[in-house]
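Q: Heads up: the protein sequence lines correspond to chains A and B, in order.
FYI, in this note's numbering the residues of the first sequence are -7 to 388.
FYI, in this note's numbering the residues of the second sequence are -7 to 388.
Positions of the beta carbon are idealized from the N, C-alpha and C atoms, including for glycine.
This structure is a prediction, so every number in the text was calculated from the model and none was measured.
Right, I'll just put the structure down here and ask away after.
Number of protein chains: 2
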Amino acid sequence: MKFTEEKFAKHMRPINGSAIREIFKLLARPGMISFAGGNPSNTALEPDVISDLAREVLAQYGTTLLQYGATDGFGPFRESAAEFLRGDGVKCDSTQILPVQGGSQAFDLLLKALIDPGDVVLCESPTFLGAIQAMREYNAKLVDMPTDDNGVIVEAAEELIKQHHPKLMYVIPTFQNPTGITLSLERRKALAELAAKYGVVIAEDDPYRDLRYSGQALPPIQSFDEEGWVVYMSSFSKYISPGMRLGAAAVTNPLLLRKMVIGKQSADVHSPLLNQAIVDAYLRKGLMPAHLERICGDYRLQLNAMLKGFERFPAGTRHTVPEGGLFVWAELPEGMDGMKAFDAAVEAGVAFVPGTHFYPDGGHLNTLRLNFSMCDIPTIEAGMERLSMVIGRIRN
Amino acid sequence: MKFTEEKFAKHMRPINGSAIREIFKLLARPGMISFAGGNPSNTALEPDVISDLAREVLAQYGTTLLQYGATDGFGPFRESAAEFLRGDGVKCDSTQILPVQGGSQAFDLLLKALIDPGDVVLCESPTFLGAIQAMREYNAKLVDMPTDDNGVIVEAAEELIKQHHPKLMYVIPTFQNPTGITLSLERRKALAELAAKYGVVIAEDDPYRDLRYSGQALPPIQSFDEEGWVVYMSSFSKYISPGMRLGAAAVTNPLLLRKMVIGKQSADVHSPLLNQAIVDAYLRKGLMPAHLERICGDYRLQLNAMLKGFERFPAGTRHTVPEGGLFVWAELPEGMDGMKAFDAAVEAGVAFVPGTHFYPDGGHLNTLRLNFSMCDIPTIEAGMERLSMVIGRIRN
């Protein structure tokens, strides 16, 4: 018998994960300037530091790091991660930390714990592509929340909660992917209140938080949560290394934490101990503050170069002015087609991600996501120059 | 509003993952001899080797190992894992290898790709606890296949296929967990034929294969598969280190491989590159054959000490005589209660896992799983002495 698509779970059949993958293939073309990714800069990564820490922790802990570990995590890492997150305003102790394979896994485990097929998840629109795919893989029904320049509009979210009785709300509050927008302080409070009022779990995905280049840090939504409705998902991918695949979820609700641990037991047993020990040592040695200061200094200049590049764009182009993170979001004048712009841009040697991919229901063809962390300043200037010319041209 | 169990997905509510966890808590008691785990021996782990390899690969690949990687894997590791698996008789090339967080994740991704709620999965009975939990988390219906001393009884499996139209069959063919039994050659061929005839995916979970202490290696079920129905799941947990969380699935069916990659994209993006590079270097340097020879030499003596210990058990006790792996399975005389034996054994300072936990539907109260890899020989002798006394006593 021949294997056919019919064998797949029904809701998995249409999920092919290819939209962005095709874009990334184009990036290999010689001379291509890429604003398409979401990686940290290579200059932010420290292989020598990681190498030294690997040696130290293997000498210190020996076979302990190579044996099976507990699903709920390596004790020292849970402690240092809790301390790090408390520094960001998260309310947690070490027993409330679940080490995960990046923020993605925290969300995956939440979906596994909560979602029956057809359950509603509220999300921002546009939102993180990986989260859209994850929600579809659990056969959730995605419902968009309207947003503005201060993030999710709380009154509209409340109406949607009344209408759809969602299990879960997915929010990226700080320097959102893809828009770069930050949820305002009052709305953070208000969302925490909504969660408790209506019994909706909030997945607060906050991996960019410490990449702030201007303005004042705001407390997490989780800091306003009194009853364990908000799960705070952090990650060391954007701060230390995405390739290490280590994040930390703070889950103050013991029932929910326990169910996520059970989901992780069968998914991958535990996060690798060597990786947990390396990041633990990084934090304990106090390397993070100076490191963040250095990389934020670089990223700030890169962001500014990109923002300046918009000056040559056609009148009517709007763009966000993020205070941090990795992305700027642009809206071309109404009626312009970002997909057509994408094709022309690739021809001209510059790539981005058409914004339509970040909308669960598509549309919004005049939007673009631009990343500035992976290019140096002359490259950003050259890329923005190319892009402005292409867009000016196709406009006429 | 207060968070209650009602918020969880319906099928997740009864999954509490606690049966074994409670046992492991008892192991901390002073003087306890544990036959309960399934870990490799600490003497099989090589922190100095891993430390050197970590330094080497970070020097060689630099920031590449710290950046995001491809979900389908780190190229060099895919090559060396394919070569390693081909040495075990698996038919695969490097493009058919998916790096995973231990064999558990390969099975999780298969379930995610294939299972609609209520779909049937055939499994051995008894079988691996983690797999039982994983199947339940995907809301699969578990159906036991009858087994004997040569593993799954093929004729019975065929009847069950006709009756239940399963999507998936889960088999641990070599030194099975928990029984230590190895599926015979003819049955390996026959299962591969059944899979193709009826269109059933076989998850061939084979993490113990190279821990063989006597007898001849048998080709994997996958080696008899012509049409991509068998997914071969290997792991470096039992060979190099469980704490590193790295396995490799060989998936010759491109549709299925693609869907597993999509599932992994949202679960954890990719397996950590440092871990893939370390195991790659381990394999490329040719360290595996001598390492396996050393650890198998030790495990062989430990197994023999355990088998000898059965001589003092009450008449009517049966036990398997595995040719490898980490476990021996015992059946006490009919009517004896393994749970009662467990309580008495813990009192006497020796622990095991009552076999009932490995049956999807419970029962089989007179069975025990004993692990020999984590104790040295005098400890095994002392533990078997204690156990034989306890069992002799509660028999009377």
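1) To the nearest angstrom, report how far apart residue 138 (chain B) and residue 212 (chain B) are at their CA atoms.
2) So within the stretch 196 to 283 of chain B, which uninterrupted alpha helix (DSSP H) runs reach at least 4 residues, ignoring any that extend past its ends?
3) Output needed for residue 332 (chain A): all residues of its chain with C-beta closer than 8 Å, excluding positions within five of it in sequence on either side, in chain order.
4) Tell me the rounded alpha-carbon separation between residue 378 (chain B) and residue 341 (chain B).
5) Could you please give the first and the last residue of the uninterrupted beta strand (DSSP E) stretch that includes residue 137 (chain A)?
6) Skipping 5 residues on each side, what residues in its chain have a beta carbon closer than 6 Å to that of residue 384 (chain A)?
7) Is the beta carbon of residue 159 (chain A) less than 8 Å from the beta carbon of residue 101 (chain A)?
8) Quick one, are the C-beta atoms of residue 363 (chain B) and residue 28 (chain B) less than 8 Å apart?
9) Going by beta carbon distance, what residues of the same chain come within less than 6 Å of residue 348 (chain B), once the five residues before and after it are set aside?
10) Given that residue 251 (chain A) touches chain B, what residues does it touch there, using C-beta distances under 7 Å?
11) Return the residues of the stretch 232 to 256 of chain B that lie within a Cβ-Cβ distance of less than 7 Å from chain A, sorted by chain order.
12) Over the uninterrupted alpha helix (DSSP H) stretch that includes residue 182 (chain A), give me the two end residues.
13) Mind checking residue 45 (chain B): buried by the 16 CB within 10 Å criterion, or exposed?
14) I'd like to check one pair, residue 129 (chain A) with residue 163 (chain A): are the Cβ atoms closer than 8 Å?
15) Do you know how far the Cα of residue 151 (chain B) is from the Cα of residue 190 (chain B)?
16) Counting only runs that start and end within the stretch 106 to 177 of chain A, where is the alpha helix (DSSP H) found for 4 or more residues in a row?
17) Let me make sure I understand the geometry here. Which of B:285, B:58, B:366 and B:371 has the alpha-carbon closest to that of residue 405 (chain B)?
18) Let me confirm a value: residue 214 (chain A) is counted as buried when at least 16 other C-beta atoms fall within 10 Å, else exposed. Which label applies?
19) Considering only residues of the same chain and omitting the five flanking positions on each side of residue 124 (chain A), which have a CB-CB separation below 6 Å?
20) So which residues on chain A does residue 109 (chain B) lean against when the C-beta distance must stay under 7 Å?
21) Which whole-angstrom value is the C-beta distance of residue 291 (chain A) and residue 203 (chain A), which I expect to be below 8 Å?
22) Looking at the structure shown, is residue 38 (chain A) part of a helix, part of a strand, or coil, going by DSSP?
23) In whole angstroms, what is the alpha-carbon distance linking residue 287 (chain B) and residue 83 (chain A)?
24) Pull out every residue of the stretch 179 to 202 of chain A whose Cβ sits closer than 8 Å to any Cβ of chain B, in chain order.
25) Mapping the DSSP letters down to three states, classify residue 65 (chain B) as helix, strand or coil.
26) Closest to residue 170 (chain A) by C-alpha separation, out of A:143, A:81, A:133 and A:262, would be which residue?
27) Keeping to the same chain, check which residues put their C-beta closer than 6 Å to that of residue 329 (chain B); ignore five residues upstream and five downstream.
28) Could you please give the first and the last residue of the uninterrupted alpha helix (DSSP H) stretch that includes residue 383 (chain B)?
29) Can you tell me whether residue 25 (chain B) is helix, strand or coil according to DSSP?
30) Measuring only the C-alpha atoms, how far is residue 283 (chain B) from residue 264 (chain B)?
31) Can you tell me whether DSSP reads residue 48 (chain B) as helix, strand or coil?
32) Please determine if the stretch 250 to 263 of chain A and the stretch 79 to 93 of chain A are in contact, where contact requires at least 3 C-beta pairs separated by less than 8 Å.
33) Going along chain B in order, which residues have a C-beta closer than 8 Å to the C-beta of residue 286 (chain A)?
34) 8 Å is my cut-off, CB to CB: does residue 161 (chain A) come that close to chain B?
35) If you follow the beta strand (DSSP E) that residue 319 (chain B) is part of, which residue opens it and which one closes it?
36) Going by the DSSP bridge assignment, what does residue 194 (chain A) pair with across the sheet?
A: Answer, in terms of the structure:
1) 20 Å
2) 246 to 260 and 265 to 276
3) 386
4) 8 Å
5) 133 to 137
6) 306
7) no
8) yes
9) 354, 356 and 357
10) 0 and 4
11) 233, 234, 235, 236, 237, 245, 247, 248, 251, 254 and 255
12) 177 to 190
13) buried
14) no
15) 11 Å
16) 121 to 129 and 146 to 156
17) Examination of residue 405 (chain B) is not possible in this model, given that chain B is present from -7 through 388 alone.
18) buried
19) 352
20) 109
21) 6 Å
22) coil
23) 46 Å
24) 188, 189, 190, 191 and 193
25) coil
26) A:143
27) 357
28) 369 to 387
29) strand
30) 24 Å
31) helix
32) yes
33) Simply none; closest approach about 15 Å.
34) no
35) 319 to 323
36) A:161 and A:222
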